[in-house]
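J.:
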Amino acid sequence: MKVASKGHSLFRIDNTRRVWFSNSQDKIDILETNSKAETRFMVSPSWPDTLNLTLVSPDSRTVFSLIIINKAGGLIYNKTFHEGGLNKISTNDYLVLAGTFHGVHAITARLNPVKPVAPPPTPGTNEPPNRPEPSSGLEVLETENFRMQCFNTLTGTKFLLFTETTQTNVDVTIKRIYDLYADYVMKNPFYSLEMPIRCDIFDRKLLSYIREINNR
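Sequential numbering from 1 applies to the sequence shown in full-length UniProt numbering.
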């Protein structure tokens with residue numbers, strides 16, 4: 001990044017990005033303004049002709065991978081979108097993860113808080129008694145390094161999406177993935193239900209959609 005002079009407040013990074021700075025006592029805060037998420041950098045106030053920026057608080061948002069589990073707990077799809085993201089695990093580990101999550105999800109779906117019993121319907125009316133909504137089970141699991149969100153369909157198929165912890169609108173993303181699954185997998189006459197997914201057009205559409213998210 002070249003600096004014309006200290007008096008200028010406009011910089012260029014790689015000749016493509018424009019950033020603005022604000023001077024404080026012992027550092028220069030540079031705020032990238034052309035991205036959807038603000039990114040802050042910190043540099044030394046003693047500026048050479050070329051500055052090496054150090055990222056202070058990155059706000060990266062990446063979709064790492066997706067796995068799909070059938071209603072019996074079997075792994076039917078696994079795709080990694082970001083090679084430099086999560087550590088690679090073996091196929092057997094993915095199978096264990098799918099089966100374990102399926103069991104945990106089934107148990108947590110039964111952990112409803114105790115609610116007062118609904119009063120019986122008023123005599124002479126046809127109103128059915130109110131029934132509590134069923135629990136959705138485990139939906140989100142978050143660590144310091146990644147977040148896993150589950151979307152459970154009405155047929156019991158589960159979509160597990162692994163993202164950055166700062167990723168927003170994950171529910172929208174995972175439902176869009178489900179739409180692609182419904183269009184290109186379930187409508188495929190050669191696909192057998194509950195079996196591993198091998199559909200080239202689904203792979204292409206999915207990769208194209210996730211690439212748009214990861215490149216924002």
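Even glycine gets a Cβ: it sits at the ideal position worked out from N, Cα and C.
In this text, all values refer to a predicted model and were calculated from it rather than measured experimentally.
#1: Compute the beta-carbon to beta-carbon distance between Phe-146 and Leu-86, rounded to the nearest angstrom, for a pair I have assumed lies under 8 Å.
#2: If I measure Cβ to Cβ from Phe-162 and keep anything under 7 Å in the same chain, skipping five residues before and after, which residues do I get?
#3: Quick check on Arg-110: does DSSP put it in helix, strand or coil?
#4: Determine which residues share a DSSP beta bridge with Gln-149 and list them.
#5: For Thr-166 and Leu-160, I'd like the C-alpha separation in whole angstroms.
#6: Decide if Lys-62 is buried, meaning its Cβ has at least 16 other Cβ atoms within 10 Å, or exposed.
#7: Hey, how far is the Cα of Glu-194 from the Cα of Tyr-178?
#8: From this set, Tyr-191, Leu-154 and Arg-211, which residue's C-alpha is nearest Thr-173's C-alpha?
#9: With a Cβ-Cβ cutoff of 8 Å, do Ile-69 and Phe-101 count as a contact?
#10: Mind checking Phe-41: buried by the 16 CB within 10 Å criterion, or exposed?
#11: Using the beta-carbon count (16 or more within 10 Å), is Leu-206 buried or exposed?
#12: Please say whether Ser-136 and Asn-112 have beta carbons closer to each other than 8 Å?
#13: Please tell me whether Lys-79 and Thr-157 are closer than 8 Å, where the distance is taken between their beta carbons.
#14: Do Gly-73 and Ala-109 have their C-beta atoms closer together than 8 Å?
#15: Relative to the C-alpha of Ala-106, which candidate in Lys-187, Asn-152, Thr-168 and Asn-169 has its C-alpha closest?
#16: Using three-state DSSP, classify Ile-197 as helix, strand or coil.
T.: For this structure:
#1: Position 146 of the sequence shown, counted from the first residue, corresponds to residue 146. Position 86 of the sequence shown, counted from the first residue, corresponds to residue 86. Their Cβ separation, rounded to whole angstroms, is 6 Å, which keeps Phe-146 and Leu-86 in contact under 8 Å.
#2: Taking the sequence shown and counting its residues from 1, the one referred to as residue 162 is at position 162. Counting only Cβ-Cβ distances below 7 Å, and skipping sequence neighbours, we find Phe-64, Ser-65, Leu-86, Phe-146 and Met-148.
#3: Working through the sequence shown from its first residue, we reach residue 110 at position 110. Residue state, collapsed to three classes: coil.
#4: Here the question's residue 149 lines up with position 149 in the sequence shown. Bridge partners of Gln-149: Val-140 and Leu-161.
#5: Mapped onto the sequence shown, residue 166 falls at position 166. Mapped onto the sequence shown, residue 160 falls at position 160. Their backbone Cα atoms lie some 17 Å apart in a straight line.
#6: As a working mapping, residue 62 is identified with position 62 in the sequence shown. A small correction: the amino acid at residue 62 is Thr; Lys does not occupy that position in the sequence shown. Looking at its Cβ environment, which holds 16 or more other Cβ atoms inside 10 Å, Thr-62 is buried.
#7: Against the sequence shown, residue 194 aligns to sequence position 194. Against the sequence shown, residue 178 aligns to sequence position 178. Near 15 Å, if we compare the C-alpha coordinates of Tyr-178 and Glu-194.
#8: Counting from one through the sequence shown, the residue named residue 173 turns up at place 173. Closest option to Thr-173, Cα to Cα, is Arg-211.
#9: Taking the first residue of the sequence shown as 1, we reach residue 69 at position 69. Taking the first residue of the sequence shown as 1, we reach residue 101 at position 101. Result yes, Cβ atoms of Ile-69 and Phe-101 sit closer than 8 Å.
#10: Here residue 41 refers to the residue found at position 41 of the sequence shown. With a pLDDT of only 43 at Phe-41, under 50, the local geometry of the prediction cannot be trusted, and the value read off the model is given with reservation. Classification of Phe-41: buried, given that the 10 Å Cβ count is 16 or more.
#11: One-based indexing of the sequence shown puts residue 206 at position 206. Burial call: buried.
#12: On the sequence shown, position 112 is the one that residue 112 refers to. On the sequence shown, position 136 is the one that residue 136 refers to. No, the pair does not count as a contact, with Cβ atoms beyond the cut-off.
#13: Numbered from its first residue, the sequence shown carries residue 79 at position 79. Numbered from its first residue, the sequence shown carries residue 157 at position 157. It is not a contact, given that the beta carbons lie outside the stated cut-off.
#14: Within the sequence shown, numbered from 1, the residue matching residue 73 stands at position 73. Within the sequence shown, numbered from 1, the residue matching residue 109 stands at position 109. Going by C-beta atoms, Gly-73 is not nearer than 8 Å to Ala-109.
#15: Stepping through the sequence shown from its first residue, residue 106 is reached at position 106. Closest option to Ala-106, Cα to Cα, is Asn-152.
#16: Here residue 197 corresponds to residue number 197 of the sequence shown, with the count starting at 1. In the structure shown, Ile-197 sits in coil (DSSP, three-state: anything other than H, G, I, E or B).
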